[in-house]
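Protein chains in written order, with our numbering: chain A, 2 to 272; chain B, 5 to 249.
Glycine residues also receive a C-beta, built at the ideal position from the N, C-alpha and C atoms.
These numbers come from a predicted model, not from an experiment.
What follows is a single structure, written as C-alpha cells, with notes after it.
Laid out in C-alpha cells, this is it:
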C-alpha cells in the first residue's frame, strides 16, 4: 500500500507531504448551499491536512471594484504562513485591471491570477483575458482559468501557444472526461500548460489516466473549498494508483514550481 | 472503519468509453484495495440490455449483495408478482432500484404502487438516483409509502437545498453520500437531519472510492456518526431483510 495512504489511515492527516491547495474561494456563496459560512473553516481544514499553503480568490461582485482582492489580502495578513491570494480580475469591470494587477504583484499577498469567463458570461478568448494573460507573465504569476468543456480547452490551448511565457492552468481540467484527456494531451506537449485537478467529478481512474498522458509534473491539486469538499479532493490523490512520489508532486511540489512566490515567500506587508 | 457501499454497480452501457473492461472484477479489486467490506450492487446492463438478464447476472457472493432493477407491473415484464417476490428472495436481493427517467415510467403511486408494496413486504430499501425523479415525485413516493425506506442515490451536490427540504419533510428518505461534495456538506447534513439519514456510497465503477472514503473519514464528525454513515445505517435498514451476513 502507498505509504502516504497508510500514514493517513493511521494518523488521519498527512505528515510526509505539506500539500498546497491552489484553488480556494472566499466570500459568501448563495447559488447553492455550502457549509462554508466562514473562511476560518477552510483554514482549519487546511491545517487538519497539514497543508503548507492555500491560494485563495474571491469572485464575488462587491460595490467597490477589486474589493474581493482587498478581502483576500486581509485573509492573507491574518494567516501569513498559510495563505496567499490569486488576483481576481473581471472582464465586466475592466477599468484599472492592469493597475490592480501591478498593485497586487507588489503586495506580496498574491502569487497568481484567477480568471473565470463563465462566471462573467464571457468567452475565454475575450480580449480582456488575453491582455491579463500576457501581463501576468511580467510578474511571474501563473493564470488559473476556469474551464469547462472542449471549447474552453481549445481556446486556452490557443492562448498558451500565443503566450509561451505565461503559465496557464486549465481549471477543473476542462471538467468532462474526454475533455480532460484532451487537456492532458496538450499538457504533455506544451511546457506552459498545466492541469488543475480541482473538482472534476471523481471518475474512476481518471487521475491515473491523466498522469499517464501528461506526467505527474503537469497536474496540480486543488479543492474549490469553501464551495466544495477538500476532504474528498485529497482522497482522490491519496487513493490513486500512482506512486507516492507522483502523489507528492501533485499535492505539493508542482504548485511550488508553478507558483514561484510560494516556494520563496516574502512576508506580506502590513497595512 | 468498516465501509459498506450501498451504491456500486457492475455491467456496461453502449455509451461507456472509459470504463474498465470488466467492471465486476474492477469493483471487487477496488473494494479490496480501498478497504470496502461489502457492497450492494446493481447491474447497469439491466437498464439497457434486458431487466431479467441484468438482474440475474448479479449473483450474491461473499461481499456483493444484489439490488434488482424493476419497472412497474403494468407491462408484465417481470411476470406474476408472487413469482417475482420468490425470485427476489432466492437471489438474496437487498434492495430495489428504480429508474423512472431512463426507463421511462412515472414514479407516481398509480404506476409504481405495487413495487413499493413489494419493497415494504420484503423490507427492502428502494434506491432512486437523484437525476431519475424530480423532488416532488420523490416526496410523494416517500409520503405515500411511509413503510418503505427510500434512498436518494448520487444526489447532485449543488441541489443540496432540495435535499434538506426533502429529508426534513419525509423521515423515510435517506441520502447516499457519493456526491455530497460541498464544503462541510457531510457535517452540515448531520447537524440538520442526523447522521442516521446518510448511507455511504461510491458510485463505482463510474466514480471511485478514494473521495467517498475520505469524505467520511476526514469529516468533522464523531466516530459514532462516521460508523453510522459508513455501515451502521445500511445494516439497520436491512436487518429485517436478512442483513448482510
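Give me the residue from the options with the minimum Cα distance to residue i.
| i | options | result |
| --- | --- | --- |
| residue 91 of chain B | B:67, B:126 and B:108 | B:126 |
| residue 216 of chain B | A:92, A:86, A:237 and A:8 | A:237 |
| residue 188 of chain B | A:8, A:46 and A:62 | A:46 |
| residue 266 of chain A | A:41, A:34 and A:54 | A:54 |
| residue 32 of chain A | A:213, A:120 and A:189 | A:120 |
| residue 113 of chain B | B:87, B:146, B:135 and B:106 | B:146 |
| residue 223 of chain A | A:90, A:256, A:240 and A:28 | A:256 |
| residue 12 of chain B | B:204, B:190, B:152 and B:109 | B:204 |
| residue 38 of chain B | B:55, B:7 and B:135 | B:7 |
| residue 122 of chain A | A:113, A:262, A:148 and A:109 | A:148 |
| residue 174 of chain B | B:201, B:195 and B:192 | B:201 |
| residue 268 of chain A | A:162, A:210 and A:111 | A:111 |
| residue 126 of chain A | A:156, A:219 and A:30 | A:156 |
Quick one: does residue i have its CB under 8 Å from some CB of chain B?
| i | result |
| --- | --- |
| residue 239 of chain A | yes |
| residue 148 of chain A | no |
| residue 57 of chain A | no |
| residue 153 of chain A | no |
| residue 60 of chain A | no |
| residue 35 of chain A | yes |
| residue 42 of chain A | yes |
| residue 206 of chain A | yes |
| residue 180 of chain A | no |
| residue 212 of chain A | no |
| residue 272 of chain A | No answer about residue 272 of chain A holds up, because its pLDDT of 49 lies below 50 and its placement is not dependable. |
| residue 82 of chain A | no |
| residue 223 of chain A | no |
| residue 120 of chain A | no |
| residue 230 of chain A | yes |
| residue 172 of chain A | no |
| residue 86 of chain A | no |
| residue 227 of chain A | yes |
Can a CB atom of chain A be found closer than 8 Å to the CB of residue i?
| i | result |
| --- | --- |
| residue 215 of chain B | yes |
| residue 13 of chain B | no |
| residue 230 of chain B | no |
| residue 131 of chain B | no |
| residue 19 of chain B | no |
| residue 208 of chain B | yes |
| residue 189 of chain B | yes |
| residue 48 of chain B | no |
| residue 164 of chain B | yes |
| residue 144 of chain B | no |
Would you list the residues sitting across from residue i in a DSSP beta bridge?
| i | result |
| --- | --- |
| residue 101 of chain B | B:73 and B:131 |
| residue 180 of chain B | B:203 |
| residue 295 of chain A | The requested residue 295 of chain A is not part of the displayed model; chain A covers only 2 to 272. |
| residue 89 of chain A | A:115 |
| residue 200 of chain A | Note: residue 200 of chain A sits in no beta bridge, so no partner. |
| residue 43 of chain B | B:9 and B:68 |
| residue 211 of chain B | A:204 |
| residue 186 of chain B | A:229 |
| residue 195 of chain A | A:170 |
Tell me where the alpha helix (DSSP H) around residue i begins and ends.
| i | result |
| --- | --- |
| residue 180 of chain A | 178-190 |
| residue 30 of chain B | 27-38 |
| residue 222 of chain A | Where residue 222 of chain A is concerned, there is no enclosing alpha helix (DSSP H), given that its DSSP letter is neither H nor E. |
| residue 70 of chain A | 68-79 |
| residue 120 of chain B | 113-126 |
| residue 232 of chain A | 231-239 |
| residue 255 of chain A | 255-259 |
| residue 124 of chain A | Unbroken run through residue 124 of chain A: none, as it is neither H nor E. |
| residue 43 of chain A | 40-49 |
| residue 9 of chain A | 4-12 |
| residue 58 of chain B | 55-61 |
| residue 233 of chain B | First-last for residue 233 of chain B: undefined, no H or E at that position. |
| residue 148 of chain B | 139-148 |
I'd like to confirm something about residue i: is its beta-carbon nearer than 7 Å to some heavy atom of the ligand ADP, or not?
| i | result |
| --- | --- |
| residue 195 of chain A | The model depicted lacks the ligand ADP and carries no ligand whatsoever. |
For the beta strand (DSSP E) holding residue i, just list the boundary residues, first then last.
| i | result |
| --- | --- |
| residue 144 of chain A | 144-149 |
| residue 155 of chain B | 154-157 |
| residue 170 of chain A | 169-175 |
| residue 133 of chain A | Unbroken run through residue 133 of chain A is the alpha helix (DSSP H), 128-137; no beta strand (DSSP E). |
| residue 13 of chain B | 7-14 |
Contact the segment 96-116 of chain A vs the segment 15-29 of chain B: 3+ CB pairs below 8 Å: Segments in contact, no.
Contact between the segment 59-78 of chain B and the segment 114-125 of chain B (3+ Cβ pairs under 8 Å): As far as the Cβ criterion goes, the segment 59-78 of chain B touches the segment 114-125 of chain B, which means the pair count is three or higher.
Cβ pair count under 8 Å reaching 3, the segment 155-166 of chain B against the segment 164-181 of chain A: No, because fewer than three Cβ pairs between the segment 155-166 of chain B and the segment 164-181 of chain A fall closer than 8 Å, the two stretches do not touch.
Segment contact, 8 Å Cβ cut-off, at least three pairs: the segment 82-91 of chain A with the segment 53-67 of chain A: With the rule of 3 Cβ pairs closer than 8 Å, the segment 82-91 of chain A counts as touching the segment 53-67 of chain A.
At least three beta-carbon pairs within less than 8 Å, the segment 129-148 of chain B to the segment 160-179 of chain B: By the C-beta criterion, the segment 129-148 of chain B is judged to be in contact with the segment 160-179 of chain B, since at least 3 inter-stretch pairs fall below 8 Å.
Any 3 or more C-beta pairs closer than 8 Å across the segment 104-111 of chain A and the segment 127-134 of chain A: Taking 8 Å as the limit for Cβ pairs, the verdict is that the segment 127-134 of chain A does not touch the segment 104-111 of chain A.
The segment 12-28 of chain A contacting the segment 202-220 of chain A, beta-carbon criterion three pairs below 8 Å: As far as the Cβ criterion goes, the segment 12-28 of chain A does not touch the segment 202-220 of chain A, which means the pair count is below three.
Stretch pair the segment 223-234 of chain B + the segment 23-40 of chain B: three plus CB contacts closer than 8 Å: The segment 223-234 of chain B vs the segment 23-40 of chain B: no contact.
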